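See below for the structure under consideration.
Written out as structure tokens, the structure is:
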């Protein structure tokens, strides 16, 4: 369980390109314990994928994923808060101080429920 | 005055939902407009998130006027309706919607329900489609409008849809290198569809103009394409396909936007009691409505969630559904706009039927989809898993049965992505027409909700 830090992915460039600038305050958050910066108004998915090429590792096939439908339908882009709350990254705005983990907190599975 | 107290709830704040809300508010009702989004507009008329310096006039092009008018009308409407953004409807019973908003359970009671839940891309799997860097065509546009982000630097557009060329132009405007636009349908398909497409000459002309603009920009355009694979290890590196002349091509790219037209989000309509019928023109199961959108007692459907029609049809059908509600409540207006709206809607939907013919859903390619290709991206069920399960099963051929055995369609997206492909693969393997293998049934919760919410419900 490397907490979503998948070596090559962390070293690569971002997948998304911010083509249009945003006038908004900067916010700091963490992805798998690593400090990151975004802007208020960014979705979690955009905030993560402008700096990383992938979002998470798939729970069954082990392949890497970066979301798919980008409109809240496919649920491919789930991430979690450190407290265990499941977040749909494409429709959740980033907020200052968010601590995001890209693998489901293990404790959640142990209890078999969404709120550990 | 009892009818004036009627609670009308609209689900979905795209062009259909907004127009419906406007008609109801004009009659003195105060409808509740429930929106899963953070801002009204739906997908096509999505507004940029706060602070984004995105020039929507340029991006929307010829549709900028309609986009602005809809949002201006919505802004003027806000204090006369009860608008509830960020609210997901996940269930329905006894004329009550079960919703979750900001992590909390709420219920909304209604006398009349207008379902305007829109559509998403219809997806045909191919080898490599699960790689990071492959996104839905509509999603590639959504993230551009919502976040000002491109899904990659060198982007290929693949599928069968008039939106391929529109999205490619939008991406090019904002700095992406469009390496290819690959349309799996042929020029002949388009010629065959011309009589229906002529129903709305303005939109037909727009589609031709997009293609001409791409040609002028020397964007490589291919039609009659047979997709072979999306290549890559940790992410997309190339798209491989056979062009219309049979030459195999491999084009380097870091993203693919994939879409074969739209499929309606019908899950809520289904739970609300709508009946379904197979529509051979779209090869989709669509809810059955009358010409104004009535689908049952107190149930009305509008927009692309009722029948794929596009934004203009969504506005017209939203207005019609609201007028039907008013009519059924006994609130008739002196000037009856319905006949004109019905004619307009019929014409716009005829055009969409033409589009479904011009941009074909790739039935034959799905029938021969290679066994190792994943069909269900949630549960990782391959085409071979589906065929083997069918071979081993002695029961009647039914996609819900195949789903129960293989888990294809049972994952996070609840069959939204894999459903249409599963139906084609199952039908082809059984040697049956696609309508004979049934329709994936929806169930609550319509989208995943935190388990705590369901426990709260039971308590």
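Chains as they are written, first to last, in the UniProt record's numbering: chain A, 1 to 116; chain B, 1 to 459.
Yeah, the Cβ is synthetic: ideal placement off N, Cα and C, and Gly gets one too.
All figures in this text were calculated on a predicted structure; none of them were measured in a lab.
List the residues of chain B whose Cβ lies closer than 7 Å to the Cβ of residue i, in chain order.
| i | result |
| --- | --- |
| residue 72 (chain A) | 36 |
| residue 177 (chain A) | Coverage of chain A is limited to positions 1 through 116, which leaves residue 177 (chain A) absent and any answer about it impossible. |
| residue 46 (chain A) | 143, 147 and 149 |
| residue 63 (chain A) | 130 |
Check each candidate in the options and name the one with the smallest Cα separation from residue i.
| i | options | result |
| --- | --- | --- |
| residue 39 (chain A) | A:26, A:72, A:32 and A:59 | A:26 |
| residue 238 (chain B) | B:227, B:246, B:102 and B:362 | B:227 |
| residue 172 (chain B) | B:312, B:150 and B:74 | B:150 |
| residue 211 (chain B) | B:229, B:166 and B:423 | B:166 |
| residue 71 (chain A) | B:363, B:94 and B:144 | B:144 |
| residue 340 (chain B) | B:194, B:354 and B:313 | B:313 |
| residue 353 (chain B) | B:64, B:134, B:197 and B:122 | B:197 |
| residue 178 (chain B) | B:251, B:442, B:116 and B:5 | B:251 |
| residue 286 (chain B) | B:75, B:344 and B:439 | B:439 |
| residue 23 (chain A) | B:42, B:175, B:51 and B:18 | B:51 |
| residue 329 (chain B) | B:297, B:344 and B:359 | B:297 |
| residue 311 (chain B) | B:65, B:38, B:395 and B:168 | B:65 |
| residue 333 (chain B) | B:445, B:26, B:142 and B:302 | B:26 |
| residue 140 (chain B) | B:199, B:169, B:124 and B:76 | B:169 |
| residue 84 (chain A) | A:61, A:57, A:37 and A:98 | A:98 |
Excluding the 5 residues flanking residue i on each side, which residues of the same chain have their C-beta closer than 7 Å to its C-beta?
| i | result |
| --- | --- |
| residue 36 (chain B) | 87 and 88 |
| residue 244 (chain B) | 186, 222, 223, 224 and 225 |
| residue 103 (chain B) | 450 |
| residue 409 (chain B) | 376, 403, 415, 418, 419, 422 and 440 |
| residue 464 (chain B) | Examination of residue 464 (chain B) is not possible in this model, given that chain B is present from 1 through 459 alone. |
| residue 217 (chain B) | 172 |
| residue 294 (chain B) | 300 and 324 |
Cβ closer than 7 Å: which chain A residues qualify as neighbours of residue i?
| i | result |
| --- | --- |
| residue 267 (chain B) | Result: empty, since nearest Cβ-Cβ is about 10 Å, beyond 7 Å. |
| residue 49 (chain B) | 41 |
| residue 446 (chain B) | Here the premise fails: no neighbours, minimum Cβ distance about 11 Å. |
| residue 43 (chain B) | 71 |
| residue 120 (chain B) | 69, 71 and 73 |
| residue 416 (chain B) | 73 and 74 |
Return the chain-ordered list of same chain residues with a C-beta closer than 6 Å to the C-beta of residue i, the five sequence neighbours on each side being excluded.
| i | result |
| --- | --- |
| residue 113 (chain A) | Legend: pLDDT at residue 113 (chain A) = 42, less than 50; position of this residue unreliable, no value from coordinates given. |
| residue 74 (chain A) | 68 |
| residue 24 (chain B) | 8, 31 and 322 |
| residue 96 (chain B) | 107 and 109 |
| residue 275 (chain B) | 288 |
| residue 76 (chain A) | 65, 67 and 68 |
| residue 278 (chain B) | 285 and 435 |
| residue 60 (chain B) | 67 |
| residue 17 (chain A) | none |
| residue 391 (chain B) | none |
| residue 13 (chain B) | 33, 35 and 40 |
| residue 89 (chain A) | 44, 45, 77 and 79 |
| residue 19 (chain B) | 315, 318 and 319 |
Please list, in chain order, the chain B residues whose beta carbon lies closer than 8 Å to that of residue i.
| i | result |
| --- | --- |
| residue 76 (chain A) | 377, 378, 412 and 413 |
| residue 54 (chain A) | 132, 234 and 235 |
| residue 15 (chain A) | 132, 133, 151, 152, 235, 254 and 255 |
| residue 120 (chain A) | There is no way to answer for residue 120 (chain A), as the model of chain A reaches only from 1 to 116. |
| residue 50 (chain A) | 149 |
Just to confirm my understanding: we take residue i, look at its own chain, exclude 5 residues before and 5 after, and list those with CB closer than 8 Å. What are they?
| i | result |
| --- | --- |
| residue 14 (chain A) | 49, 50, 51, 52 and 53 |
| residue 449 (chain B) | 88, 90 and 100 |
| residue 82 (chain B) | 30, 31, 32 and 33 |
| residue 3 (chain A) | Unreliable positioning characterises residue 3 (chain A) in this predicted model, as indicated by a pLDDT of 36, which lies under 50. The coordinate reading is nonetheless provided below. Within the same chain, residue 3 (chain A) has close Cβ partners 32, 33, 101, 102 and 103. |
| residue 342 (chain B) | 291, 292 and 320 |
What in chain A is Cβ-close to residue i, meaning under 9 Å?
| i | result |
| --- | --- |
| residue 466 (chain B) | The displayed coordinates of chain B run from 1 to 459. Any statement about residue 466 (chain B) would go beyond what the structure contains. |
Which bits of chain A does residue i rub up against, with CB to CB less than 8 Å?
| i | result |
| --- | --- |
| residue 148 (chain B) | 18, 19, 20, 21 and 22 |
| residue 53 (chain B) | 20, 21, 22 and 23 |
For a contact defined as C-beta to C-beta under 9 Å, what are the partners of residue i on chain B?
| i | result |
| --- | --- |
| residue 86 (chain A) | 448 and 450 |
At least three beta-carbon pairs within less than 8 Å, the region 142-162 of chain B to the region 253-264 of chain B: yes
Runs of alpha helix (DSSP H) wholly within the region 46-73 of chain B (minimum 4 residues, chain order): 56-60
Within the region 324-393 of chain B, ranges of the beta strand (DSSP E) (whole runs, at least 3 residues): 374-376
Uninterrupted beta strand (DSSP E) stretches inside the region 281-327 of chain B (no shorter than 3 residues): Qualifying beta strand (DSSP E) stretches, in chain order: 284-287, 294-296 and 299-301.
Inside the region 180-213 of chain B only - alpha helix (DSSP H) runs reaching at least 4 residues: 187-197
Touch test, the region 264-273 of chain B against the region 309-328 of chain B, Cβ-Cβ under 8 Å, three pairs minimum: no
Uninterrupted alpha helix (DSSP H) stretches inside the region 402-451 of chain B (no shorter than 4 residues): 419-430
Complete beta strand (DSSP E) runs within the region 44-94 of chain A (minimum length 3 residues, chain order): 78-81 and 86-88
In chain order, each alpha helix (DSSP H) run of at least 4 residues that lies wholly inside the region 84-158 of chain B: 137-147
Sufficient close CB pairs (3 or more, under 8 Å) joining the region 359-366 of chain B to the region 392-409 of chain B: With the cut-off at 8 Å, the region 359-366 of chain B and the region 392-409 of chain B do not touch.
The region 122-138 of chain B / the region 58-72 of chain B touching (three or more Cβ pairs under 8 Å): no
Ordered list of beta strand (DSSP E) runs contained in the region 7-42 of chain B, each at least 3 residues: 8-11 and 32-34
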